[in-house]
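Numbering (mature numbering (1 follows the signal peptide of the UniProt record, and there is no 0)), first residue to last: -30 to -1, 1 to 454. In this text, a Cβ means the ideal position worked out from N, Cα and C, and glycines have one as well. So the structure is just underneath, and the comments pick up after that.
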Ligand SMILES: *[C@@H]1O[C@H](CO)[C@@H](O)[C@H](O)[C@H]1NC(C)=O
Ligand SMILES: *[C@@H]1O[C@H](CO)[C@@H](O)[C@H](O)[C@H]1NC(C)=O
Ligand SMILES: *[C@@H]1O[C@H](CO)[C@@H](O)[C@H](O)[C@H]1NC(C)=O
Ligand SMILES: *[C@@H]1O[C@H](CO)[C@@H](O)[C@H](O)[C@H]1NC(C)=O
Ligand SMILES: [Fe+2]
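Here it is in structure tokens:
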């Protein structure tokens, strides 16, 4: 959100300047590989005694508080937290004015072990029947250790509902992670689309794995207790560690992070969909079966038929492994999902596919490779107006460092790429326009490192045609910009 109209004007000017720059470069379709020189902070985890991991005061005080959407349409939240000494109360008290908690809901309590680590008591409480576009205050815990938070429900599902999403992937718990989180919190984002790889606790062994899940929960609370984070799972959530006797995939993640999967008739918390304001958001699991006839494939086929662009114009897909990536890191890991789903993404005119995994930033042009089959020579991606834009935002700040080696030359499908830490924001303005920024950490908040005005894939197609007809030279800058 922009504090003043002059700040908005400045941002807009930057955007226009950038778009003009982008379009002149685009006429040759040469992508940009940023040569930005970044300040290197150590990619080491913040020590456990740092204040960002502080345990709240009081006997059995709730910690690691986080919320996520609790239903299909945004009138419910799931509130989750951990108590360590005893189970304590599973109740959430809430209401529409501060210190008047006249409503309540009762949650469930679970716990698990990981090697010899015993988790705290993990609470999940569904709070439903909420009103749209309303600030709610909530209280959890008992007596002197009770803690108070608030959140705001989204506007009702409407094609012109304005809403700002933040996009964060591969966050971890390093000093870079903290920088990303702080910058995101100043960005005006109202809900986080999280692209997998939360805590990187699996970089530890034995009991430290569980301990680093707990510290990450306390680290993310400053944002996640006040606005929903929409979760997707990455490879660091798998935690297949037979040497420690841990062979049940996603054990920590599934106990700690709830998703509203039943509301979209999914049978598994790792893939699901929600609708929020003017967006239909589909979350996929890169690490669950997805080939033809598997539950995830069957579910996605159904879910795509439920998308109603008249109600939710913006169709967004989240996954961990990018389908189009020109970094040496994880190159081609997304090919199997591309083979399974790309033709649907084009058929349904998906607006954006966000992924993480690669510890860098990259944006694609609208391209597809759906004509390829093993018996043709058509094996290269081609420009395709119906195709999504693929955005890799795996640059949250993880412990493994940046993925600095991009493939050379930059492939035609790659529009912009840079190996810096950061996050993105996606401001849906109305049914036709969305303003997108990628914000590199080193510049501080809201610097238009990569800013694009996107037109909706469903509603803006007529707009395209009209602009195209007005222009004599179809490759001129305005038209090129309009093709986003
Ligand atoms: C869960 O907590 C209960 C009550 O404290 C305890 O008896 C049980 O062993 C715990 N289960 C696990 C899997 O840690
Ligand atoms: C899920 O299935 C139930 C029962 O068939 C149906 O009533 C409900 O509308 C479905 N939900 C969605 C989001 O389609
Ligand atoms: C592969 O592409 C060729 C050439 O377009 C076409 O003749 C053939 O039917 C395709 N095969 C499949 C299995 O789609
Ligand atoms: C949609 O938003 C864009 C950008 O804010 C604006 O220029 C345009 O006029 C809006 N369209 C409508 C129909 O309000
Ligand atoms: Fe990853």
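Can we count residue i as close to ligand 5, meaning its CB is less than 7 angstroms from some heavy atom?
{"i": "residue 167", "result": "yes"}
{"i": "residue 140", "result": "yes"}
{"i": "residue 205", "result": "yes"}
{"i": "residue 393", "result": "no"}
{"i": "residue 371", "result": "no"}
{"i": "residue 367", "result": "no"}
{"i": "residue 94", "result": "no"}
{"i": "residue 304", "result": "no"}
{"i": "residue 290", "result": "yes"}
Distance, Cα to Cα, residue i vs residue j?
{"i": "residue 334", "j": "residue 210", "result": "32 angstroms"}
{"i": "residue -8", "j": "residue 176", "result": "Reliability fails at residue -8, whose pLDDT of 39 lies under 50, so the model's placement of it is uncertain and no value is given."}
{"i": "residue 134", "j": "residue 323", "result": "16 angstroms"}
{"i": "residue 234", "j": "residue 302", "result": "30 angstroms"}
{"i": "residue 361", "j": "residue 321", "result": "11 angstroms"}
{"i": "residue 294", "j": "residue 34", "result": "34 angstroms"}
{"i": "residue 268", "j": "residue 413", "result": "43 angstroms"}
{"i": "residue 93", "j": "residue 355", "result": "45 angstroms"}
{"i": "residue 245", "j": "residue 129", "result": "11 angstroms"}
{"i": "residue 217", "j": "residue 330", "result": "30 angstroms"}
{"i": "residue 262", "j": "residue 313", "result": "13 angstroms"}
{"i": "residue 180", "j": "residue 203", "result": "17 angstroms"}
{"i": "residue 132", "j": "residue 70", "result": "29 angstroms"}
{"i": "residue 117", "j": "residue 184", "result": "18 angstroms"}
{"i": "residue 247", "j": "residue 400", "result": "10 angstroms"}
{"i": "residue 406", "j": "residue 219", "result": "34 angstroms"}
{"i": "residue -5", "j": "residue 337", "result": "A caution first: residue -5 carries a pLDDT of 40, below 50, which makes its placement in the model too unreliable to give a value."}
{"i": "residue 154", "j": "residue 367", "result": "12 angstroms"}
{"i": "residue 150", "j": "residue 345", "result": "45 angstroms"}
{"i": "residue 97", "j": "residue 68", "result": "17 angstroms"}
{"i": "residue 308", "j": "residue 259", "result": "13 angstroms"}
Can you find a heavy atom of ligand 1 that lies under 7 angstroms from the Cβ of residue i?
{"i": "residue 83", "result": "yes"}
{"i": "residue 88", "result": "yes"}
Between residue i and chain B, is there a C-beta pair that is closer than 8 angstroms?
{"i": "residue 210", "result": "No chain B appears in this structure, which consists of one protein chain only."}
Can you name the residues that DSSP bridges to residue i?
{"i": "residue 331", "result": "363, 388"}
{"i": "residue 229", "result": "BP columns for residue 229 are empty, so no partner."}
{"i": "residue 108", "result": "64, 119"}
{"i": "residue 199", "result": "162"}
{"i": "residue 289", "result": "None; residue 289 has no bridge partner."}
Can you name, in chain order, every residue of its own chain whose Cβ lies under 8 angstroms from the Cβ of residue i, other than the five neighbours on each side?
{"i": "residue 122", "result": "103, 104, 105, 106, 160, 197"}
{"i": "residue 12", "result": "144, 145"}
{"i": "residue 30", "result": "53, 54, 55, 56, 58, 111, 112, 115"}
{"i": "residue -19", "result": "With a pLDDT of only 47 at residue -19, under 50, the local geometry of the prediction cannot be trusted, and no value is derived from it."}
What residues in its chain sit with their C-beta under 6 angstroms from that of residue i, if we drop five residues either side in the sequence?
{"i": "residue 173", "result": "369"}
{"i": "residue 74", "result": "61, 63"}
{"i": "residue 297", "result": "328, 330, 373, 376"}
{"i": "residue 342", "result": "348, 349"}
{"i": "residue 315", "result": "358"}
{"i": "residue 289", "result": "254, 256, 325"}
{"i": "residue 339", "result": "351"}
{"i": "residue 207", "result": "220, 223"}
So does residue i have its beta carbon nearer than 7 angstroms to some heavy atom of ligand 2?
{"i": "residue 171", "result": "no"}
{"i": "residue 296", "result": "no"}
{"i": "residue 132", "result": "no"}
{"i": "residue 233", "result": "yes"}
{"i": "residue 276", "result": "yes"}
{"i": "residue 42", "result": "yes"}
Taking 7 angstroms as the limit between beta carbons, can you name the residues of its chain near residue i, skipping five residues before and five after?
{"i": "residue 199", "result": "36, 38, 162, 164"}
{"i": "residue 43", "result": "127, 245"}
{"i": "residue 224", "result": "239"}
Exercise for review: When you get a sec, list the residues whose CB is within less than 6 angstroms of any heavy atom of ligand 4, chain order please.
Suggested key: 399, 400, 402, 403
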